Structure formats: C-alpha cells, structure tokens
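Numbering-wise (this note's numbering), the sequence shown opens with residue 1029 and increments by one.
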Amino acid sequence: MNKGEVIDILSSNELKAQSRFGQNFLCDDDVIDEIISIADIKPVSSVLEIGPGLGALTEGVLDITSSYKAVEIDHGLFEYLNERFGDHFIHSDFLKLERQDYYNGEDVILSNIPYYIMTPIMKKLMVECDKAQKMVFMVEDEAVQRIIAAPGTKQYGPLSVLCSCFGIVKKEFSVPANCFYPMPHTLSSVISLTRNLDIVITEDFCDLIEASFSKRRKTLNNSLSDYLSSKKTNIELKEALRKLNLSENIRAEALKPDDFIELHKLLLL
Ligand code: SAM
C-alpha cells in the first residue's frame, strides 16, 4: 500500500484520518513486508491485530493464514474492512473489550499501536493473551528506550519489567515519518516480543510492579506501603526481601524482572 492508494481509499470511501484515534496509516510496502516477516506467521498461525486501519497488514496476513481477527474502533474503517476483506473484524474500543469477546488463543499479535494508548494496550495484551508467542508492535521511537531499559537506568519502569517478563524484547528497525499518511510528528520503531519465560502475567503482578514504581525515589518498602496494607504487611515485605538477598532499603529501579517475579510469588501467591 503506497501513499496514493491510502489517499484514494480514504476519499473513495468518504473517510478521513482521525487524529483522536491516532490514525497514521502505513504506506510503505517494504515496511509492511518486513513487519509480516518479523511476525514469522505460518499457515497454522492464528493472528490478532489491534487497530487494522485500512488493512495495511491485513492483506499480507491473509495471504499466509485465514485465521486472522482484528479489533478496530473506527466505525467507518470497520465497514470498509468488512466489505473488502470479509468477516474478520470486531468493531470496538479494544480497551473496553472483555477477554472472552476477542481472544481465542491467537499466537501472533500485531499492532501499529495508537501511540496515545500504547501502555494500556500492551499491558492488556500481555495479561490476557496467554497463548501469544510473538507480539510485533509499531511504537513511538521515544518509547523504545522505556520498553527495553535495563534495571538501574532512569528509563527502567513498569513497562520494561512487564516486557522483559514476557520474553525477549528486540528493537527491530526504525520507521521514518514519511512511511505514514498522514505523517506523525515523531520517528517510529518496530519492536518484537518473543515469549520465553513460563510465567503468566497477571493483573495482580502488574499492580505490584506499578505500585513498586509509584514513588521512584523512595525505597520499595515505602512505595509499597499503601498497596501492601490491604494484603500483607511491610514486615512480610522485609522478610521476602531478605529471602531474596535484597536490601530492605532497595528501590524498585534496582530490582531485576526476575526479582519482581520472585517477590510476587513470596508476597501474593
Ligand atoms: N494498522 C494500520 C496501519 O498500520 O496502517 C493503522 C494504524 S493507526 C496508527 C492506529 C489504528 O488503531 C487506527 O486504525 C485506529 O482507528 C485504531 N485504534 C485507535 N484506538 C483504538 C482502540 N482503542 N481500539 C481499537 N482500535 C483503535
């Protein structure tokens, strides 16, 4: 799909790119092919896409497997997609969907993520799509540093921990603004997440990580005091830290993703 085709499809269907839905449509066939190739889709794969837009990735996916489903918030785009590709689409705000209404165990997840809701979308996918082996996302380049950040760095935070707990996180390549119509204001990047750990990311685990980073400059003991009071006491936290050979004055940014997994087991299971 090139820029001319995107403009033609929009105008012949009386559609407009809506900034409130973060609509920047991919219009570069090389980028589209590269994303499909990184996703490593096989004829037996089942694929879920969030925000298919004008179907830039849809065609490439359907060439490989018919097991494809996508969630699109925009009614005009949903109607266009349905007419062009058939019955693969759910018209909804993804963030409001219950798991059972969209997830059937798909193993590949794709999203050229609307940048304004990147974190909640990624978190929901990691918690709910428990059979997903591979996730390929287009994100704002600036967010990549936060996603791949290592413990002890300024950028390290809840999203870095969650992605790392999911598996291997890789920045694949950068995508300049002129590969989209309309052009976004920033550089974008394609990242991939490949599951390699046998851990289930639960809502409760996410809550623990978010609470841990809620007061970055304070000790974990302090950051978690409100969160823990309803479940476990700070004495139990100190005891858990001792078992993990971690200082009771440690801050969240010093804990490795594995430490969070172990801490979660000790505190909440
Ligand atoms: N995948 C297409 C592409 O690469 O050209 C479109 C990408 S565009 C950046 C983001 C898409 O996500 C748009 O189609 C937009 O309407 C859709 N979208 C935005 N918010 C959404 C939400 N909450 N749930 C589902 N789709 C959403």
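Cβ coordinates follow ideal geometry from the N, Cα and C atoms, glycine included.
Quick caveat, the model's predicted, so the values are computed rather than measured.
Tell me whether residue i sits in a helix, a strand or coil according to DSSP, three-state version.
i     : result
H1292 : helix
S1298 : Absent from the structure is residue 1298, since the part of the chain shown begins at 1029 and ends at 1297.
T1147 : helix
K1162 : strand
H1119 : strand
V1228 : coil
Y1130 : coil
What are the boundary residues of the alpha helix (DSSP H) that residue i is part of?
i     : result
S1257 : S1253 to S1257
I1141 : Segment: none, I1141 is in no alpha helix (DSSP H) and carries neither H nor E.
Y1184 : It is not in any alpha helix (DSSP H) - Y1184 carries neither H nor E in the DSSP assignment.
Taking 6 angstroms as the line, does the beta carbon of residue i fall inside it for any heavy atom of the ligand SAM?
i     : result
D1084 : Note that residue 1084 is Ala in the sequence shown, not Asp. Yes, the ligand SAM has a heavy atom inside 6 angstroms of this Cβ.
F1106 : no
Q1051 : yes
G1081 : yes
P1142 : yes
F1122 : yes
I1175 : no
L1252 : no
D1102 : yes
What residue range does the beta strand (DSSP E) around residue i cover?
i     : result
E1077 : V1075 to I1078
Cutting at 7 angstroms between CB atoms, please list the residues of its own chain near residue i, excluding the five before and the five after it.
i     : result
P1142 : F1049, G1050 and G1079
K1271 : L1294
M1154 : L1190, F1194 and I1229
I1069 : V1075, V1089, I1092, T1093 and V1136
K1151 : L1190 and C1234
So, at 6 angstroms on beta carbons, what are the nonlocal neighbours of residue i in its own chain, with the 5 sequence-adjacent residues on each side left out?
i     : result
F1241 : G1185, P1186 and A1280
Using C-beta distances below 8 angstroms, list every residue in its chain close to residue i, excluding the 5 sequence neighbours before and after it, in chain order.
i     : result
F1117 : P1080, K1097, A1098, V1099, E1100, F1106, L1109 and N1110
A1177 : Q1183, Y1184, G1185 and S1188
Whether or not the stretch 1118–1128 and the stretch 1058–1070 are in contact is what I'm after, with contact meaning three or more pairs of Cβ atoms, one per stretch, closer than 8 angstroms; do they touch? no
Validate contact between the stretch 1213–1231 and the stretch 1247–1262 using beta carbons, cut 8 angstroms, 3 pairs: no
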